[in-house]
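*Asks:* Dropping a structure here in structure tokens format, bear with me for questions.
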């Protein structure tokens with residue numbers, strides 16, 4: 003009768019071939035705070051985040067997500083999660099305590115994405131100048147750049163979105179919340195979304211097609227984007243100005259996803275990774291209403307302009323890019339182990 | 003290793019001495035949809051709510067909350083919750099399936115408030131004209147009045163906020179999220195907040211003082227307000243206009259509570275009950291960071307004008323009103339059993 | 003030493019081949035109020051407009067703007083404006099008092115657009131149910147559809163934007179506020195904007211190209227869009243939802259024009275005409291700072307995604323459509339005289 | 003047939019007994035840019051302002067507005083304005099060109115407020131780092147503090163609001179837009195508002211009562227507040243957070259004035275002067291609809307809570323404070339001449 007294993011998405015490690023420019027983007031344009039630095043990595047977090055870090059950026063040959071880290075509901079839930087992952091044959095093994103966190107167990111999902119689960123975490127401690135006025139906040143609000151509050155989700159590319167969503171649901175208890183079927187081929191699921199919270203998703207899954215023919219990349223473990231939260235839709239519009247003032251152009255948006263009701267913008271950070279800033283979205287507390295099923299034509303991706311779907315780069319460019327795959331895989335693996 | 007028993011606040015029953023005017027307020031000014039009617043009660047819900055109802059308004063001699071209903075995470079969790087309530091000596095007994103829901107078990111909290119827990123619920127089914135464009139919504143958006151999306155929380159008055167918060171936490175697993183201490187008498191807790199979700203509270207507890215001397219009412223089971231959610235702070239400002247156009251004046255707000263970061267307004271509905279409309283608030287997924295502790299002077303209630311605290315009616319008027327207590331108690335009990 | 007002749011854009015007459023569907027769009031989706039009906043025309047206005055009407059929709063074979071009407075600063079300014087128009091050889095002659103207004107003098111601009119100038123106007127008188135709570139408003143706020151407040155501007159297509167802008171400035175005292183030059187052909191002016199108010203423009207001028215080669219349509223008097231104002235950017239986002247709920251898809255937006263700083267959306271009404279809803283924009287009171295000069299690449303049209311410019315239909319489809327020109331011209335002329 | 007003499011409110015000189023703290027407030031909390039410094043004065047402007055400065059802060063013994071400066075529509079209009087002021091017997095004489103502007107003619111209004119009119123102005127020239135991305139802006143947007151865009155209006159206290167409003171209208175052509183009468187003494191006008199733009203007022207006039215009895219201060223030339231503009235209501239809410247993070251508490255608001263529809267907040271800057279930040283408001287282009295007449299009970303000051311009117315300090319504290327009058331008058335005069 004354990005009803006929840008995973009508590010939340012805790013942090014993501016992003017590979018960038020341009021570490022200095024990427025750092026400037028995440029720190030000065032998004033407004034994240036730097037927590038620490040070690041080896042080839044810098045650790046950052048939003049002003050509203052209580053843990054040591056939510057983003058690790060690591061130098062490497064091509065943009066990619068090296069791993070995603072999920073905190074469990076407690077130590078017993080970590081034990082249970084590891085047991086289930088091992089039973090599913092997906093385990094990669096334990097790692098020692100590292101920057102900002104205790105021991106973590108890594109695994110590879112069916113789509114080839116590297117995750118870890120862990121419980122012990124280092125809590126962020128503000129310097130006196132950053133001590134919050136709100137006792138319920140980890141630090142003072144710092145209005146730098148877009149001033150994103152916290153990391154929200156990661157969306158992966160995969161050759162079988164439905165298989166992956168079922169896996170996360172059945173093995174680790176994620177809620178399977180929404181899916182998008184093609185109108186003329188309903189068996190093909192463009193997107194599937196799972197969640198450990200009442201929001202629509204903290205883990206998205208997009209079909210890894212590389213062109214309009216639907217051809218798959220054949221490369222496991224690719225990523226579509228990482229996403230950060232802002233409190234109000236007006237904050238997202240303000241972020242558009244911050245982007246332009248910093249020479250960053252929107253790739254897609256502003257617009258509303260039908261999925262999750264998210265009011266979104268997408269850009270590419272200097273290292274190449276796609277970054278979403280968004281606000282707004284439903285909270286669904288009931289455990290038994292999911293999943294909700296979309297057809298592409300209903301506006302699942304672009305609710306206000308459903309027949310425009312999305313720009314091609316958003317649909318077909320994922321990370322690592324296909325042509326850079328060989329170098330990137332080894333780099334990501336070097337980081338992951 | 004059950005880590006969650008209660009899933010969400012499902013509905014609230016409000017007593018009103020002016021049922022027709024109250025219905026007009028909830029339906030036409032707040033914009034709730036009428037689900038059904040039975041006996042002295044009308045059942046309503048917001049456009050974003052998936053269950054049959056979230057508000058039951060019932061004719062009675064004085065404004066009050068007759069009961070609050072909480073849905074569990076599943077049938078086993080209902081069994082477990084009832085067992086715990088009975089062990090705590092708070093049980094009032096089972097009630098048969100009723101409008102929109104299956105069997106429910108009622109209990110009385112230490113502060114004298116009547117609650118029920120249940121699992122089986124009737125899902126709202128829209129008429130064809132109200133069929134939603136979003137598959138993840140229960141119905142089409144209806145822009146009537148303030149168009150509140152869903153019920154969010156109820157805040158009760160009690161003679162011992164800390165005792166009650168501990169009870170909800172220890173017996174039913176609510177997270178105890180925030181508390182407000184008086185600056186010059188830190189042992190006295192003005193407010194305590196518990197939650198079954200990642201938001202700061204779906205159940206608030208305010209000290210039941212009736213004047214600045216701190217004198218308690220001596221009447222158990224009183225209520226400060228019920229609260230509804232809007233998606234954006236701009237929606238709250240728009241609601242202020244809708245209120246004025248309908249002859250409803252703000253009692254308090256707009257403003258920001260430090261607690262929960264809620265951007266609030268308060269009015270009195272025609273039957274007398276205080277109603278909050280709000281938006282904005284943090285999502286806190288970590289299970290082990292609570293509670294956060296405020297001093298009154300930090301702006302827990304009125305963050306942008308901390309030295310103004312709140313208008314006296316907000317602080318000292320609760321429902322049923324003290325002078326009407328005798329009639330109301332019997333009425334509320336008549337409804338509750 | 004007359005420094006202002008024209009006070010404001012007062013109303014626009016739009017031709018529609020689908021008058022019933024267009025009426026439903028303007029009344030129920032945009033939320034305009036119907037003021038009256040006569041012949042083949044219906045007259046409407048926004049809840050924030052003090053005159054009898056700001057939009058006249060008239061049945062005809064193809065979408066077009068039949069005329070635009072400008073109120074002068076007073077009766078003497080009307081006399082002066084007419085004298086100047088006649089000196090410029092653009093006059094078409096006087097028309098008798100008509101629905102909602104006194105006598106008007108019509109003229110044709112160099113780009114072939116029919117305008118009128120007038121002074122006497124009928125003030126809107128609300129029915130008792132619509133009497134405003136704000137004495138500074140003409141009526142109560144009616145939250146129907148997008149609830150646009152008022153008409154704001156009209157943007158015409160023309161073979162020579164600069165010639166037209168100079169004409170409006172020199173003959174009638176419009177301020178010439180902004181212009182957009184092509185980066186690689188700076189002598190070609192994609193857009194020019196003139197204004198009778200402190201906002202960037204109430205009359206826009208777009209080069210009448212019909213494809214990427216820059217080929218001109220050869221048809222005078224075409225229109226790109228008409229535009230209505232909402233008070234907040236959040237109101238524009240809310241309008242996007244209202245559109246979708248009514249089966250209307252965005253053609254372009256939401257986004258920000260560099261010109262005027264307008265936060266825009268564009269759709270096509272059922273009769274075919276392009277309609278902009280927008281909010282936000284600068285107020286520039288100084289008479290001597292204009293014009294401001296853009297290059298296309300700077301984001302004059304699409305500030306947040308400057309390299310995407312705009313969707314082709316927005317750039318190349320104007321009204322009346324080229325193929326329907328013959329019928330439409332005669333229809334527009336029939337209406338205009 | 004000159005229909006406009008005055009173009010806009012160009013700048014205000016504020017006296018502060020705490021020049022360093024006031025500078026920090028205007029620069030770091032409001033986000034104004036420093037243009038220059040001379041003698042006891044610092045000159046500032048908002049990121050959206052094209053002239054050298056819009057605010058001059060000058061050291062002195064008590065908070066006050068030393069003078070307000072109005073730019074004319076042109077050099078001829080300056081000549082005409084001076085002639086009219088002299089005919090009205092209000093002239094104080096010419097001053098030489100000064101920081102950021104050409105020669106100015108000073109006068110004293112019937113309520114005792116010192117103004118100047120001028121035409122020649124120094125245009126702000128950004129440094130290369132502040133060069134704007136928008137050609138229609140004077141500089142790059144700088145997101146410091148509340149990042150106010152521009153000065154908007156000044157509101158004075160006076161013993162006869164109606165006399166003053168008529169004077170500004172009749173002598174200098176201000177539009178007389180709105181007035182507020184007391185319900186039970188309609189001959190007493192609590193507030194009167196005049197404007198040189200389509201917004202409701204750039205000059206407000208409030209009855210100079212010092213307590214609820216209506217007793218007048220007897221001191222001419224006092225000021226209620228100065229006001230700055232933000233583009234969106236959400237920007238005003240964001241400013242509330244910026245204030246709190248900087249230790250500044252709201253004296254009044256957020257709320258909506260019925261007059262002008264302004265969404266407001268009021269604070270006191272360190273030198274004592276009351277400062278309004280606001281957004282939203284109507285644009286009224288018609289020259290012949292004014293004035294609109296309020297009763298206090300209609301919510302002219304506090305539209306959403308009309309029976310609460312306003313906090314007493316807002317109603318009865320003006321600058322210079324009555325008790326400090328003697329010192330302040332001489333200081334203001336020293337500055338003014």
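Residue numbers (this note's numbering), protein chains in the order written: chain A, 3 to 339; chain B, 3 to 339; chain C, 3 to 339; chain D, 3 to 339. Even glycine gets a Cβ: it sits at the ideal position worked out from N, Cα and C. This one's a predicted model, so the numbers in the text were calculated from it and none came from an experiment.
1) With DSSP as the reference, please indicate the residues paired to residue 295 (chain B) in a beta bridge.
2) Residue 178 (chain B) and residue 298 (chain B) look like a contact to me (Cβ under 8 Å); what is the Cβ gap, rounded to whole Å?
3) Interface residues of chain A around residue 252 (chain C) at Cβ under 7 Å?
4) Would you list the one or two residues that DSSP bridges to residue 96 (chain B)?
5) Note down, in chain order, every chain B residue with its Cβ under 7 Å from the Cβ of residue 384 (chain A).
6) Start and end of the alpha helix (DSSP H) containing residue 245 (chain A)?
7) Check distances from the C-beta atoms of the segment 136-161 of chain B to those of chain C and list, in chain order, the residues that come in under 7 Å.
8) Express the C-alpha separation of residue 141 (chain D) and residue 128 (chain D) in angstroms, rounding to a whole number.
9) Run down chain C in chain order and give the residues with a C-beta less than 8 Å from the C-beta of residue 291 (chain D).
10) Applying the 10 Å Cβ sphere with the 16-neighbour rule, what's the burial state of residue 3 (chain D)?
11) Using 8 Å as the threshold, is the C-beta distance between residue 284 (chain C) and residue 316 (chain C) below it?
12) Identify the continuous beta strand (DSSP E) that holds residue 2 (chain A) and give its terminal residues.
13) Please report the distance separating the alpha-carbon of residue 334 (chain B) from that of residue 64 (chain B).
14) Can you find the residues in the same chain that come closer than 8 Å, C-beta to C-beta, to residue 156 (chain C), ignoring five residues on each side of it along the sequence?
15) Quick check on DSSP: helix, strand or coil for residue 38 (chain D)?
16) Within 8 Å of any Cβ in chain D, is that where the Cβ of residue 268 (chain B) sits?
17) Measure the alpha-carbon distance for residue 176 (chain B) versus residue 25 (chain B) and round it to whole angstroms.
18) Helix, strand or coil: how does DSSP classify residue 45 (chain A) here?
19) Look at residue 21 (chain A) and residue 61 (chain A) and say whether their C-beta atoms are less than 8 Å apart.
20) Would you check if the distance between the CB atom of residue 104 (chain C) and the CB atom of residue 53 (chain C) is smaller than 8 Å?
21) Quick one: complete beta strand (DSSP E) runs, 3+ long, within the segment 58-96 of chain D?
22) Between C:161, C:72 and C:134, which has its C-alpha nearest residue 120 (chain C)'s C-alpha?
23) With a Cβ-Cβ cutoff of 8 Å, do residue 31 (chain D) and residue 275 (chain D) count as a contact?
24) Going along chain C in order, which residues have a C-beta closer than 7 Å to the C-beta of residue 246 (chain B)?
25) Is any beta-carbon of chain A found at less than 8 Å from that of residue 239 (chain C)?
26) Pull up the DSSP beta-bridge partners for residue 218 (chain A), would you.
27) Out of curiosity, what's the CA-to-CA distance linking residue 300 (chain A) and residue 257 (chain A)?
28) Out of A:251, A:247, A:147 and A:38, state which residue places its alpha-carbon closest to the alpha-carbon of residue 124 (chain A).
29) Give the single residue among C:173, C:174 and C:197 whose Cα lies nearest to the Cα of residue 181 (chain C).
30) In the DSSP assignment, find the unbroken alpha helix (DSSP H) run with residue 169 (chain C) in it and report its ends.
31) Taking the C-alpha atoms as reference points, what is the distance between residue 282 (chain D) and residue 220 (chain C)?
32) Please list, in chain order, the chain A residues whose beta carbon lies closer than 9 Å to that of residue 75 (chain C).
33) Quick test of your reading: residue 212 (chain D) and residue 324 (chain D), contact by CB under 8 Å. State the CB separation rounded to the nearest angstrom.
34) Put residue 129 (chain C) into one of helix, strand or coil per three-state DSSP.
35) Going along chain C in order, which residues have a C-beta closer than 8 Å to the C-beta of residue 234 (chain B)?
36) Taking Cβ-Cβ distances shorter than 9 Å, what residues in chain D pair up with residue 243 (chain A)?
*Replies:* A quick look at the data gives this:
1) For the purposes of this step, residue 295 (chain B) is taken as the residue at position 293 of the second chain. Bridge partners of residue 295 (chain B): B:181.
2) Working through the second chain from its first residue, we reach residue 178 (chain B) at position 176. Working through the second chain from its first residue, we reach residue 298 (chain B) at position 296. About 19 Å separates the two Cβ atoms, so there is no contact after all.
3) Locating residue 252 (chain C) in the third chain gives position 250, where the first residue counts as 1. Going along chain A in sequence order, the residues near residue 252 (chain C) (Cβ under 7 Å) are 306 and 307.
4) Along the second chain, read from residue 1 onward, the residue named residue 96 (chain B) stands at position 94. Looking at the DSSP assignment, residue 96 (chain B) forms a beta bridge with B:107.
5) Outside the displayed range of chain A (3 to 339) lies residue 384 (chain A), so it cannot be described from this structure.
6) Translated into the one-based positions of the first chain, residue 245 (chain A) becomes position 243. Here the alpha helix (DSSP H) through residue 245 (chain A) covers 235-247.
7) For the segment 136-161 of chain B, the residues whose beta carbon sits under 7 Å from a beta carbon of chain C are, in order, 142, 143 and 145.
8) Against the fourth chain, residue 128 (chain D) aligns to sequence position 126. Against the fourth chain, residue 141 (chain D) aligns to sequence position 139. Looking at the backbone, the Cα of residue 128 (chain D) and that of residue 141 (chain D) are separated by about 6 Å.
9) The sequence position of residue 291 (chain D) within the fourth chain is 289, counting from 1. Those are 52 and 125, listed as they occur along chain C.
10) Reading the fourth chain from its first residue, position 1 is the one you call residue 3 (chain D). Note that residue 3 (chain D) has pLDDT 43, beneath the 50 cutoff, so the model's placement of it is unreliable and no number is given.
11) Against the third chain, residue 284 (chain C) aligns to sequence position 282. Against the third chain, residue 316 (chain C) aligns to sequence position 314. Cβ distance not < 8 Å, so residue 284 (chain C) and residue 316 (chain C) don't count as in contact.
12) For residue 2 (chain A) there is no data in the structure shown, the boundaries of chain A being 3 and 339.
13) Translated into the one-based positions of the second chain, residue 334 (chain B) becomes position 332. Translated into the one-based positions of the second chain, residue 64 (chain B) becomes position 62. Summary for residue 334 (chain B): the model assigns pLDDT 42, below 50, so the residue's position carries little reliability, and this model does not support an answer.
14) Start at 1 with the first residue of the third chain, and residue 156 (chain C) comes out as number 154. Closer than 8 Å at Cβ, skipping near neighbours: 11, 14, 67, 70, 204, 205, 206, 225, 227, 228 and 229.
15) As a first step, residue 38 (chain D) must be located in the fourth chain, where it is residue number 36. Note: residue 38 (chain D) maps to strand in three-state DSSP.
16) As a first step, residue 268 (chain B) is located in the second chain; it is residue number 266 there, counting from the start. So no, residue 268 (chain B) is outside the interface.
17) Here the question's residue 176 (chain B) lines up with position 174 in the second chain. Here the question's residue 25 (chain B) lines up with position 23 in the second chain. Roughly 32 Å between the two C-alpha positions.
18) For the purposes of this step, residue 45 (chain A) is taken as the residue at position 43 of the first chain. The three-state secondary structure of residue 45 (chain A), taken from DSSP, is strand.
19) Position 19 of the first chain, counted from the start, is the residue given in the question as residue 21 (chain A). Position 59 of the first chain, counted from the start, is the residue given in the question as residue 61 (chain A). Yes; because the gap between Cβ atoms is below 8 Å, this pair is in contact.
20) Taking the first residue of the third chain as 1, we reach residue 104 (chain C) at position 102. Taking the first residue of the third chain as 1, we reach residue 53 (chain C) at position 51. No, Cβ-Cβ distance for residue 104 (chain C) and residue 53 (chain C) is not below 8 Å.
21) 66-74
22) Numbered from its first residue, the third chain carries residue 120 (chain C) at position 118. The shortest C-alpha separation from residue 120 (chain C) is found at C:72.
23) As a working note, residue 31 (chain D) is residue 29 in the fourth chain. As a working note, residue 275 (chain D) is residue 273 in the fourth chain. No, the pair does not count as a contact, with Cβ atoms beyond the cut-off.
24) Position 244 of the second chain, counted from the start, is the residue given in the question as residue 246 (chain B). The contacting residues are 135.
25) Residue numbering aside, residue 239 (chain C) sits at position 237 when the third chain is read from its first letter. Residue 239 (chain C) counts as touching chain A.
26) Counting from one through the first chain, the residue named residue 218 (chain A) turns up at place 216. A:211, per the DSSP bridge assignment.
27) Taking the first residue of the first chain as position 1, residue 300 (chain A) is located at position 298. Taking the first residue of the first chain as position 1, residue 257 (chain A) is located at position 255. Between residue 300 (chain A) and residue 257 (chain A), the C-alpha separation is close to 14 Å.
28) Taking the first chain and counting its residues from 1, the one referred to as residue 124 (chain A) is at position 122. With distances taken between Cα atoms, residue 124 (chain A) lies closest to A:38.
29) Position 179 of the third chain holds residue 181 (chain C). In terms of CA proximity to residue 181 (chain C), C:197 leads the group C:173, C:174 and C:197.
30) Counting from one through the third chain, the residue named residue 169 (chain C) turns up at place 167. Here the alpha helix (DSSP H) through residue 169 (chain C) covers 163-174.
31) On the fourth chain, residue 282 (chain D) is found 280 positions in, with the first residue counted as 1. On the third chain, residue 220 (chain C) is found 218 positions in, with the first residue counted as 1. In a straight line, the C-alpha of residue 282 (chain D) is about 42 Å away from that of residue 220 (chain C).
32) For the purposes of this step, residue 75 (chain C) is taken as residue 73 along the third chain, with counting starting at 1. By Cβ distance, chain A contributes nothing, its closest Cβ being about 36 Å from residue 75 (chain C), past 9 Å.
33) Taking the first residue of the fourth chain as position 1, residue 212 (chain D) is located at position 210. Taking the first residue of the fourth chain as position 1, residue 324 (chain D) is located at position 322. The pair is a contact, with the Cβ atoms about 6 Å apart (cut-off 8 Å).
34) Here residue 129 (chain C) is taken as the residue at index 127 of the third chain, counted from 1. It is coil, neither helix nor strand.
35) Translated into positions along the second chain, residue 234 (chain B) becomes position 232. The answer, in chain order, is 236.
36) Indexing the first chain from 1 puts residue 243 (chain A) at position 241. The answer, in chain order, is 143 and 145.
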